[in-house]
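Below is one structure, written out as structure tokens; the observations come after it.
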Amino acid sequence: MSTNLRIEEGRLVSRLAELAHIGATPEGGCRRLALTDEDRQGRDWLVGQLEGLGLDVRIDAIGNIVGILKGQEDGPAVIMGSHIDTVGTGGRFDGALGVVAGVEVLAALRDAGLTPKRDMAVIAFTNEEGARFHPDMLGSYVWAGGMSVAAAHAEVDSEGVGLGGELRRIGYEGAERPGFLPAHAYLECHIEQGPILENEGGGIGAVTGIQAICWLELTLKGRPSHAGTTPMAYRKDPGLAAARINIFAHELTKTIPHQLANVGVIRVQPANVNVVPETVTMTLDLRNPDDASLAQAEAAVRSFCAELSQRDGIEIAFRDLARFPATPFAEELIAEVERSAAEFGLPVRRMISGAGHDAQMMSRLCPTAMIFIPSIGGLSHNPAEFSTDQDIVAGANVLLSTAWRVANA
4 MSTNLRIEEG RLVSRLAELA HIGATPEGGC RRLALTDEDR QGRDWLVGQL
54 EGLGLDVRID AIGNIVGILK GQEDGPAVIM GSHIDTVGTG GRFDGALGVV
104 AGVEVLAALR DAGLTPKRDM AVIAFTNEEG ARFHPDMLGS YVWAGGMSVA
154 AAHAEVDSEG VGLGGELRRI GYEGAERPGF LPAHAYLECH IEQGPILENE
204 GGGIGAVTGI QAICWLELTL KGRPSHAGTT PMAYRKDPGL AAARINIFAH
254 ELTKTIPHQL ANVGVIRVQP ANVNVVPETV TMTLDLRNPD DASLAQAEAA
304 VRSFCAELSQ RDGIEIAFRD LARFPATPFA EELIAEVERS AAEFGLPVRR
354 MISGAGHDAQ MMSRLCPTAM IFIPSIGGLS HNPAEFSTDQ DIVAGANVLL
404 STAWRVANA
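Residues 4 to 412 (the numbering used here) make up the sequence shown, in order.
In structure tokens form, the structure reads like this:
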């Protein structure tokens, strides 16, 4: 860098700890489901941090929080960001690191009395996790124009509670139009959420893109009957069918290169120990870096379900929860991340992201890149999720260096 800009380590770590305290769980993790009271408290804290830096703070109609540092010239901004909502059993760093690191980048510029050529901004996107409302990455999806505000407001959670009503209840239905701030580039610092960096020497991941994602919800209907009096051959058991689908999806990962599969939710009705269930609702998460390979996997699952339905008399209905193609990032920004890592003497490797991120949506609007830091044990979406202070600061410094250079190019 042309300056000696550095992140203030103690302040970064302290801010992350303050945010982690909101929604803290006894296991050491965080539970800030989107648009709950805990999320509202986290949002209030974040707005206070942004206002404390004297930034222009705005909130859009889907609840995305934006803090803007005005540059020397009018025009599109260099945007940093991520999310502060969590899954139900989340950790302290997923999403939060990207937002707080972005805040610290702008704080470092304030401390140094520097004004960038371009506007710079940090955004905390609404409902990235998709743990309460579908789809995941909802706030950035709306920001990028992939979903209307009206459609997003109409989404409901598993209890039938509407997203729009919850936004209003917590006071974060803003006046701005999503996407109101044009983007010159988008940068996101994030924990890896996997074991590769830790197991291969640490340092920085220069993320080349995000693999394709398909989330499906399957509803299986059979015939409820007494578990003690109904012979096995006479049963129409959706629970057994769900197990077979799970196993089939797992076996696909052995035959389709780079294929991943997960069944994360299974709901059985009626949930009685001695009753063959009537209905099973299950989710299926399919991912692959290659769009065609993912389509092959989904087609195979649907074909298997059709055969299963015909053979066993189980009705199976599909519903899309999320569907996003593979997303390559901008080569020029990937190279800038590598350059910044080298400036700080950090090892760097190119890698693809297995998880979806807000960067996936922002790449529709502008050149995009991500910075990964190691996750100890590869854990994420887990209260034991952890990254060291050293790695956190390293990632934030790479973000600072990259963002500053891009904002002044």
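Cβ atoms here follow ideal geometry from the backbone N, Cα and C, with glycine treated the same way. The structure presented is a predicted model; accordingly, all values stated were derived computationally and were not measured.
Kindly indicate which three-state DSSP category H193 falls into: helix, strand or coil? strand
Simplified DSSP state of T232, which is helix, strand or coil: coil
Suppose you measure from the CA of A358 to the CA of I269; what does that come to, to the nearest Å? Straight-line Cα distance between these residues: approximately 21 Å.
Put H187 into one of helix, strand or coil per three-state DSSP. strand
Buried versus exposed, by CB contacts within 10 Å (16 or more), M235: exposed
Check whether the Cβ atoms of D88 and A325 sit closer than 8 Å, and answer yes or no. no
Measuring only the C-alpha atoms, how far is A115 from L8? 8 Å
Please report the distance separating the alpha-carbon of H261 from that of D361. H261 and D361: Cα-Cα distance of roughly 22 Å.
As a quick exercise: from Q75, V278, H253 and V304, pick the residue whose alpha carbon is nearest that of K239. Ranking Q75, V278, H253 and V304 by CA distance to the CA of K239 puts V278 first.
Please determine, among F347, L297, R247 and H384, the residue with the shortest C-alpha to C-alpha distance to G398. Residue nearest to G398 within the set F347, L297, R247 and H384 is F347 (criterion: CA-CA distance).
Inter-residue Cα distance where the pair is A186 and A80: Taking the straight line joining both Cα atoms gives about 5 Å.
So, for A111: in the same chain, excluding its five sequence neighbours on each side, which residues have a beta-carbon less than 8 Å away from its beta-carbon? L8, R9, I10, E11 and L403
Reduced DSSP category for M4 - H, G, I as helix; E, B as strand; rest coil: In this predicted model, M4 has a pLDDT of only 46, less than 50, meaning its place in the structure is not dependable; the value taken from the coordinates is given anyway. Here M4 sits in coil by DSSP.
Taking Cβ to Cβ, would you say I374 is nearer than 8 Å to I207? Yes, Cβ-Cβ distance for I374 and I207 is below 8 Å.
According to DSSP, simplified to helix, strand and coil, what is G32? coil
Which whole runs of the alpha helix (DSSP H) in the stretch 285-352 are 4 residues long or more, in chain order? 294-315 and 334-346
Proximity to A124 [Cα-Cα], best of E339, V159, G78 and L221: G78
Determine, using beta carbons only, whether V266 and T284 come nearer to each other than 8 Å. no
In whole angstroms, what is the alpha-carbon distance linking P370 and C33? 32 Å
I'd like the ranges of any alpha helix (DSSP H) spanning at least 4 consecutive residues and lying wholly in the stretch 90-136. Correct list: 99-115.
At what residues does the beta strand (DSSP E) containing K224 begin and finish? A215 to K224
Express the C-alpha separation of G163 and L53 in angstroms, rounding to a whole number. 33 Å
Residues bridged to D392 (per DSSP): According to DSSP, which records beta bridges pairwise, D392 is partnered with nothing at all.
Assuming I71 contacts L190 under a Cβ cut-off of 8 Å, what Cβ separation, rounded to an integer in Å, is found between them? Not quite, the Cβ-Cβ distance comes to about 15 Å (not below 8 Å), so this is no contact.
Looking at A329 and G148, is the spacing between their C-beta atoms short of 8 Å? no
Let me check one thing: in DSSP terms, what residues is I82 bridge-paired to? A124 and Y189, per the DSSP bridge assignment.
Should L100 be flagged as near chain B, meaning a C-beta pair shorter than 8 Å? In the structure shown, chain B does not exist; there is a single protein chain.
Using only alpha-carbon positions, find the residue among N130, G84, A127 and R135 that is nearest to D160. Restricting attention to N130, G84, A127 and R135, the CA atom closest to the CA of D160 is found in R135.
Going by DSSP in three states, A252 sits in which element: helix, strand or coil? helix
Could you check whether V152 and I65 sit closer than 8 Å to each other, using their CB atoms as the reference points? yes
For S5, is the classification buried or exposed, using 16 other Cβ atoms within 10 angstroms of its Cβ as the cut-off for buried? Caution applies to S5, whose pLDDT of 45 falls short of 50 and renders its modelled position unreliable; the value that the coordinates give is listed next. So S5 counts as exposed.
Let me know if K224 comes out buried or exposed under the rule of 16 or more other beta-carbons within 10 Å of its beta-carbon. buried
Reference L58, options V108, S17 and A178, closest by Cα: V108
With a cut-off of 8 Å, do at least 3 Cβ pairs link the stretch 348-357 to the stretch 247-258? Segment contact: the stretch 348-357 against the stretch 247-258, fewer than three CB-CB distances shorter than 8 Å; contact not assigned.
Use the C-beta contact count for D97: other C-beta atoms within 10 angstroms, 16 or more gives buried, fewer gives exposed. A residue is called buried once 16 or more other Cβ atoms fall within 10 Å of its Cβ, and D97 is buried on that count.
Does the structure place the stretch 167-174 close enough to the stretch 380-390 that three or more beta carbon pairs sit under 8 Å? no
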